[in-house]
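> Residue numbers (the numbering used here): 32 to 396.
Mind looking over this structure? Questions follow.
This is the structure:
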């Protein structure tokens, strides 16, 4: 059924504006009939952040911003789904057009600006499906016009703690002016201190809520040193590496589209984001797991990201070009690799190449 859906939808959606195509995909998933999910290979199971993931492949934040189709995505084979970014108040985001395909590069540029239905609507949807199970992370962000952005994150932790499998604190989107400033040492330390304090305060009534930090791939290594030090000292449960990049590699072929403002994702981000995963992994020293995201479009790319240091991975932009069948393709390739190498779990290869990758020349930006 997934192959049939891809064969029909991918050529059709290319005829439409990217954002219109995205809305059509969401509506299509709402209409998707219940699918009996094939059981995952037990060797693909991952234990991270105190959670049991049936497989390591997640839907990254940005696709299902307002929690409209998380269960459809789980039925299609994702091991977990991250919704959002969610802000306290509904937000329209930046003016359209704000989403662009770079077809020949298999890339996407977006400057969406945290458009979403707001915390109240998203909470209502997540509460209604809470009995369905599955791992649903909530990616939280601040409203563009907020007078106190840290207060926005605190409010969202309080609001979603009863229904979130985990939280992602997003301070790395390039499309909300000034947001990335929260990655600077003093601001990040204050933010994480208040977020973790809030998580601890609501734990008694809401249960455990792992907190992850999502960072940009454009950090310098000195900045990454500071970020990891603060994340470890504040005892976050994990990090997601990395968000979209403001860089424009010279190898991009869609030169006109590449001039659009916003964050670049997809295949051209792969080498930089993978290097950042490895750099983060060696700095974390096993204190917490990482989720690797950026340019994963095959089983080989997923394996490279895992060997760089990612315990889990996330997809989004590659699905625009490869379709939802990519999820099963990656799972099959990972299972085959484990069988061929005689390993019992992916945890045995997490970070195996991190030292080698960090010794290589820096990827061309």
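Where a beta carbon is used, it is the ideal one built from N, C-alpha and C, also for glycine.
Could you check which residue in 379, 320, 157 has the C-alpha nearest to that of residue 262?
Mapped onto the chain shown, residue 262 falls at position 231. For residue 262, the nearest C-alpha among the options comes from 320.
> Since residue 464 is in the beta strand (DSSP E), which residue starts that stretch and which ends it?
Because the chain in this structure spans residues 32 to 396, residue 464 falls outside the shown range and cannot be described.
> Is the beta carbon of residue 193 less than 9 Å from the beta carbon of residue 81?
For the purposes of this step, residue 193 is taken as residue 162 along the chain shown, with counting starting at 1. For the purposes of this step, residue 81 is taken as residue 50 along the chain shown, with counting starting at 1. Going by C-beta atoms, residue 193 is not nearer than 9 Å to residue 81.
> Assign residue 164 to one of two classes, buried (16 or more other C-beta atoms within 10 Å of its C-beta) or exposed (fewer than that).
By 1-based counting over the chain shown, the position of residue 164 is 133. Exposed, because fewer than 16 other Cβ atoms sit within 10 Å of the Cβ of residue 164.
> Return the bridge partner residues of residue 245 from the DSSP annotation.
Within the chain shown, numbered from 1, the residue matching residue 245 stands at position 214. Bridge partners of residue 245: 201, 271.
> Taking DSSP's pairing of strands, which residues face residue 264 in a bridge?
Here the question's residue 264 lines up with position 233 in the chain shown. Beta-bridge pairing links residue 264 to no other residue.
> Using three-state DSSP, classify residue 112 as helix, strand or coil.
Here residue 112 corresponds to residue number 81 of the chain shown, with the count starting at 1. The answer is strand: DSSP assigns residue 112 an E or B state.
> If you draw a straight line from the C-alpha of residue 350 to the C-alpha of residue 357, how long is it?
As a working note, residue 350 is residue 319 in the chain shown. As a working note, residue 357 is residue 326 in the chain shown. Residue 350 and residue 357: Cα-Cα distance of roughly 7 Å.
> In three-state DSSP terms, what is residue 68?
Position 37 of the chain shown, counted from the start, is the residue given in the question as residue 68. DSSP places residue 68 in coil when its eight states are reduced to three.
> My parser needs the beta strand (DSSP E) runs of 3 or more residues fully inside the segment 150-230; what are they?
Segments of the beta strand (DSSP E) lying fully in the segment 150-230: 167-171, 197-201.
> Nearest to residue 344 by CA position, among 330, 354, 299, is which residue?
In the chain shown, counting from the first residue as 1, residue 344 sits at position 313. If we check each option's Cα against that of residue 344, 330 comes out closest.
> Considering residue 78, what are the terminal residues of the beta strand (DSSP E) in which it resides?
Sequence index remark: in the chain shown, residue 78 carries index 47 (1-based). Its beta strand (DSSP E) spans residues 77-79.
> Would residue 285 and residue 136 qualify as a contact pair, given that the criterion is a beta-carbon distance under 9 Å?
As a first step, residue 285 must be located in the chain shown, where it is residue number 254. As a first step, residue 136 must be located in the chain shown, where it is residue number 105. Contact: yes.
> In or out: residue 336 buried (at least 16 other Cβ within 10 Å) or exposed?
On the chain shown, residue 336 is found 305 positions in, with the first residue counted as 1. By the 10 Å Cβ count, residue 336 comes out buried.
> Name the residue from 256, 56, 169 whose alpha carbon lies nearest to the alpha carbon of residue 103.
Translated into the one-based positions of the chain shown, residue 103 becomes position 72. Among 256, 56, 169, the Cα nearest to that of residue 103 belongs to 56.
> Assuming residue 143 contacts residue 113 under a Cβ cut-off of 8 Å, what Cβ separation, rounded to an integer in Å, is found between them?
For the purposes of this step, residue 143 is identified with residue 112 of the chain shown, where counting begins at 1. For the purposes of this step, residue 113 is identified with residue 82 of the chain shown, where counting begins at 1. At roughly 15 Å, the Cβ-Cβ gap does not stay under 8 Å, so residue 143 and residue 113 are not in contact.
> Looking at residue 170: is its Cβ nearer than 9 Å to the Cβ of residue 245?
As a working note, residue 170 is residue 139 in the chain shown. As a working note, residue 245 is residue 214 in the chain shown. Their beta carbons are under 9 Å apart, which means residue 170 touches residue 245 by this criterion.
> Would the segment 183-198 and the segment 65-76 be scored as touching if the rule is three or more Cβ pairs under 8 Å?
Too few Cβ pairs lie closer than 8 Å, so no.
> Would you identify the three-state DSSP class for residue 138, choosing helix, strand or coil?
On the chain shown, residue 138 is found 107 positions in, with the first residue counted as 1. Residue 138: strand per DSSP, three-state reduction.
> Going by C-alpha to C-alpha distance, which of 107, 265, 326 sits closest to residue 306?
One-based indexing of the chain shown puts residue 306 at position 275. Taking only the C-alpha atoms, the option nearest residue 306 is 326.
> Taking Cβ to Cβ, would you say residue 226 is nearer than 9 Å to residue 184?
Residue mapping note: residue 226 aligns to position 195 of the chain shown, counting from 1. Residue mapping note: residue 184 aligns to position 153 of the chain shown, counting from 1. Contact flag set, yes.
> Determine the closest residue to residue 314 out of 334, 328, 339, 206, with distance taken between C-alpha atoms.
Stepping through the chain shown from its first residue, residue 314 is reached at position 283. The shortest Cα separation from residue 314 among 334, 328, 339, 206 belongs to 339.
> Going by DSSP, which residues form a beta bridge with residue 84?
For the purposes of this step, residue 84 is taken as residue 53 along the chain shown, with counting starting at 1. Answer is 77.
> Leaving out five residues on either side along the sequence, give the residues of the same chain with a beta carbon under 7 Å from the beta carbon of residue 318.
In the chain shown, residue 318 corresponds to position 287, counting from 1. 263, listed in sequence order.
> Determine the direct distance from the alpha carbon of residue 271 to that of residue 342, and round the result to whole angstroms.
Within the chain shown, numbered from 1, the residue matching residue 342 stands at position 311. Within the chain shown, numbered from 1, the residue matching residue 271 stands at position 240. Approximately 10 Å between the Cα atoms of the pair.
> Based on DSSP bridge pairs, tell me the residues matched to residue 292.
Counting from one through the chain shown, the residue named residue 292 turns up at place 261. Answer is none; residue 292 lacks a bridge partner.
> Measuring straight from C-alpha to C-alpha, what distance separates residue 219 and residue 303?
Here the question's residue 219 lines up with position 188 in the chain shown. Here the question's residue 303 lines up with position 272 in the chain shown. Their Cα atoms are separated by approximately 23 Å.
> On the criterion of 16 or more Cβ atoms from any shown chain inside 10 Å, does residue 47 qualify as buried, or is it exposed?
Position 16 of the chain shown, counted from the first residue, corresponds to residue 47. Exposed, by the Cβ-count rule.
> Provide the residue span of the beta strand (DSSP E) that contains residue 343, from first to last.
Against the chain shown, residue 343 aligns to sequence position 312. Here the beta strand (DSSP E) through residue 343 covers 343-346.
> By how many angstroms is the C-alpha of residue 256 removed from the C-alpha of residue 228?
Within the chain shown, the letter at position 197 stands for residue 228. Within the chain shown, the letter at position 225 stands for residue 256. One C-alpha to the other measures close to 23 Å.
> Identify the residues that DSSP records as bridge partners of residue 90: which are they?
By one-based count along the chain shown, residue 90 stands at place 59. BP columns for residue 90 point to 112, 346.
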